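This report refers to the structure that appears directly beneath it.
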Amino acid sequence: MQRNTLSGAFKALLATTAVLSMSTVAMPASAQTTVKAVLYSPLRLLDPVANGGYVTQNHAYMIYDTLFALDAEQKVQPQMVDRYQVSPDGKTWRFTLRPGLRWHDGTPVKAEDCVASIRRWAEQDKMGQIMVSLMREMKPIDDLTFEMAFDVANALVLPALSKPRGAAYMMQKRIAESTPASQPIKEHIGSGPFRFVASEFKPGVQVVYEKNKDYVPRKEKPSWLAGGKVVNVDRVVWLGIADAMTMVNALVTGEIDYLEAVPYDLVSMVEGKPDIKVDIVDNTGQLSFTRLNFAQPPFNDKAMRQAAIAAIDRDGIMKALVGNPKYYRTCTSIYGCSGSPFYSTAGAELLGKPDPAKVQSLLKTAKFDGSPIVVLHPSDIPGLSPQPLVVAQSLRKSGLKVDMQSMDFQTFLTRRVNSGPVDKGGWQVFHTNLGTLDLADPIRSLPVAANGSKAWPGWPDLPDVEQLRQKFARTPDLAEQKRIAAEIQKRVIEEGMMIPAGQFVFPTAFRSSIGQVVYAPVPLFWGMTKAGK
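Residue numbering for the sequence shown is -31 to -1, 1 to 502, as defined by mature numbering (1 follows the signal peptide of the UniProt record, and there is no 0).
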């Protein structure tokens, strides 16, 4: 009875918010196959270089393409690249694009576009920054070929150009060169398998993609983010639905086809239903961790950061976030606890159970004045809302005052880049989740960057950590890289750059009418089929 009522509520939502109805969306004259999906969070920001939010990255994979990609065995495979050559000394890399690639406006993709795109991406991306710092020159050779020349041989090029998140998405030269990486682009023209329908975009409510009929996929079968991106549907519509029960019920009643992240407490609504499949589409998972602000008091003091480490109930965070141990594990490695060759237990002894007495001792050492701690709370995302509540409770139990500031997710993304004092919109603590693939080594991991104002929000300024990262980047030997990575992890934990709580996976659910879903660390809509319309 409750579910039927909620179905009606969903229909009312469509009418009142213009999510998707015949009155708000001009449907094509002929019937088309349309997949309707609800992702982890609604899409509002469109530039994947200026904004690192996962839903923005998901959007980028729809309309842009990448030079390389990882397959299901996490091996690097060419994507836009047809072939590449490396000089015997390992210092010069030459890339040749596949012929026939075109932008959505019909113009050909050229090597100069790729050079401009890499330069813009590297302004913002931490792994790109290090790669470019080792580079002597990057230039187009002809329309399809470009070259990178380095001062030293390094092992960064392919990992940097193939990483799944914060990827180097290729854009037109005129767009990439006209907008700094810190500012969002205004045109969204890619060369990928879908076209962005700008006229139907309603930020936070609806985004529409149409099949790019001119796209030339690779001949290989799709495997993770690699292989042929063959589009079998005409349109994909992402809907923004804030209420968890409403989105799950919409899947149950067939009003949507795909739900990226089923709230853990509602999985029972969809499990066991013959017309719905529930599975772990992304088995790499995410690491949930607390981030402190090094740029402002009180966490510019190491003793205060160590007090926070001693205060936070890490196990309580994971229980509040997930609950069901089927979907999570506690984790002390900043590189994630599965899949990374750099997994380590270094510094784990600092991540014990809450210790209020230790907190009080450290507060005295820091001479803390007792001011309230500002904790950011993105309250509209089920996967991000519970953790700050536990963090705040942990701090209060240790005798600290907390100013919990609730906001929607997009406001949270805007607030967390504010490095100013709290009375000017700044912050002191936030908690977030990042995919373990994005944390798998100390170069690609955003929170491990320690170059002050150029670092990820939190802005740690620790030259010794940066020196270790540079040493890692210049080391081709895996055993030595592992040793350096463990040393970095110990420093990261003892300095409070990351306070890891645990690793978890999301259950994804989709209707039985949906077939050939490509399992990957990103929700993908190429390869996918839909029976009926």
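Yeah, the Cβ is synthetic: ideal placement off N, Cα and C, and Gly gets one too.
Note that this is a predicted model, so its numbers are computed, not measured.
**Asked** Using a threshold of 7 Å, is the CB atom of N27 nearer than that to any non-hydrogen atom of the ligand FMN?
**Response** For the ligand FMN, the structure offers nothing, since it holds no ligand at all.
**K246 versus S481 - alpha carbon distance** = 6 Å
**Asked** Which of helix, strand or coil does DSSP assign to I468?
**Response** strand
**Asked** Are the CB atoms of W193 and A6 nearer to each other than 8 Å?
**Response** no
**DSSP-derived helix/strand/coil call for A478** = strand
**Request:** To the nearest angstrom, report how far apart N123 and Q485 are at their CA atoms.
**Result:** Here the alpha carbons of Q485 and N123 stand approximately 38 Å from one another.
**Asked** So the beta strand (DSSP E) L345 belongs to, where does it begin and stop?
**Response** I342 to P347
**Request:** Report the three-state DSSP secondary structure of M139 (helix, strand or coil).
**Result:** Reduced to three states, the DSSP call for M139 is coil.
**Asked** Would the beta-carbon of T25 fall within 8 Å of that of R63?
**Response** no
**Request:** Give the straight-line distance between the Cα atoms of A211 and P11, rounded to the nearest whole angstrom.
**Result:** A straight-line Cα-Cα distance of about 8 Å links A211 and P11.
**Item:** 7 Å Cβ shell around D74 - same chain, five flanking residues per side excluded
**Value:** I158
**Prompt:** Counting along the chain, where does the beta strand (DSSP E) carrying N402 start and finish?
**Reply:** V398 to G404
**Request:** Note down, in chain order, each residue of its chain lying with its Cβ closer than 6 Å to the Cβ of D324, except the 5 sequence neighbours on either side.
**Result:** A279
**Asked** Rounded C-beta distance between V200 and P243? I'm assuming under 8 Å.
**Response** Not confirmed; about 28 Å, so no contact.
**Message:** For K499, list the residues DSSP reports as bridge partners.
**Reply:** Partner residues in the beta bridge of K499, as assigned by DSSP, are I483.
**Prompt:** Is DSSP giving A(-6) helix, strand or coil here?
**Reply:** Below a pLDDT of 50, predicted positions are generally treated as unreliable, and A(-6), at 40, falls in that range; no measurement from the model is reported.
**Prompt:** When the Cβ atoms of the stretch 415 to 428 are set against those of the stretch 310 to 318, are three or more pairs found closer than 8 Å?
**Reply:** No, they do not touch.
**Item:** As assigned by DSSP and simplified to three states, the class of P492
**Value:** coil
**Prompt:** D82: which of K44, G59 and Q141 sits nearest, CA to CA?
**Reply:** Closest by alpha carbon: Q141.
**Message:** Suppose the cutoff is 6 Å on Cβ atoms and the five residues either side in sequence are ignored; what does the same chain contact list for D94 look like?
**Reply:** Hits under 6 Å: G135.
**Request:** Note down, one range per segment and in chain order, each beta strand (DSSP E) of at least 3 residues found wholly within the stretch 22 to 107.
**Result:** DSSP assignment within the stretch 22 to 107 yields the following whole beta strand (DSSP E) runs of 3 residues or more, N-terminal first: 37 to 39, 45 to 47, 50 to 55 and 61 to 66.
**Request:** Return the CA-CA distance between D16 and P153, expressed in angstroms with no decimal places.
**Result:** Rounded to whole angstroms, D16 to P153 spans 5 Å at the Cα level.
**Request:** Within the same chain, show all residues whose beta-carbon is closer than 6 Å to that of A500, passing over the 5 residues directly before and after it, in chain order.
**Result:** Here A500 has S482 as same chain residues with Cβ atoms under 6 Å from its own Cβ, once five neighbours each way along the sequence are excluded.
**Message:** Rounding to the nearest angstrom, what Cα-Cα distance links residue 543 and D234 in this structure?
**Reply:** Coverage of the chain is limited to positions -31 through 502, which leaves residue 543 absent and any answer about it impossible.
**Asked** Are there three or more Cβ pairs, one per stretch, closer than 8 Å when the stretch 289 to 301 is compared with the stretch 464 to 475?
**Response** yes
**Request:** Give me whichever residues DSSP pairs with D430 in a beta bridge.
**Result:** Beta-bridge pairing links D430 to N420.
**Prompt:** How many whole angstroms separate the CB atoms of Q379 and R13, which I take to be in contact at a CB cut-off of 8 Å?
**Reply:** Taking C-beta atoms under 8 Å as the contact rule, Q379 and R13 qualify, at a distance of about 5 Å.
**Asked** Under the rule that 16 or more other beta-carbon atoms within 10 Å means buried, what is I462, buried or exposed?
**Response** buried
**Message:** Please give me, in chain order, every unbroken run of the alpha helix (DSSP H) with length at least 4 that falls completely inside the stretch 288 to 347.
**Reply:** 325 to 335
**Item:** Neighbourhood of R52 by C-beta distance below 7 Å, restricted to the same chain and skipping five residues each side
**Value:** T65
**Message:** Using DSSP's beta-bridge definition, name the partner residues of I245.
**Reply:** R480
**Asked** Within 10 angstroms of its Cβ, does K190 collect 16 or more other Cβ (buried), or is it exposed?
**Response** Within 10 angstroms of the beta-carbon of K190 lie fewer than 16 other beta-carbons, which makes it exposed.
**Message:** Distance check for A145 and F119, CA to CA, integer angstroms please.
**Reply:** 23 Å
**Message:** Which residues does DSSP list as the beta-bridge partners of E179?
**Reply:** R164 and R204
**Three CB pairs or more closer than 8 Å across the stretch 281 to 297 and the stretch 421 to 441** = no
**Prompt:** I think I453 touches M96, with their Cβ atoms under 8 Å apart; what is that distance to the nearest whole Å?
**Reply:** Contact doesn't hold; Cβ gap of about 16 Å is too wide.
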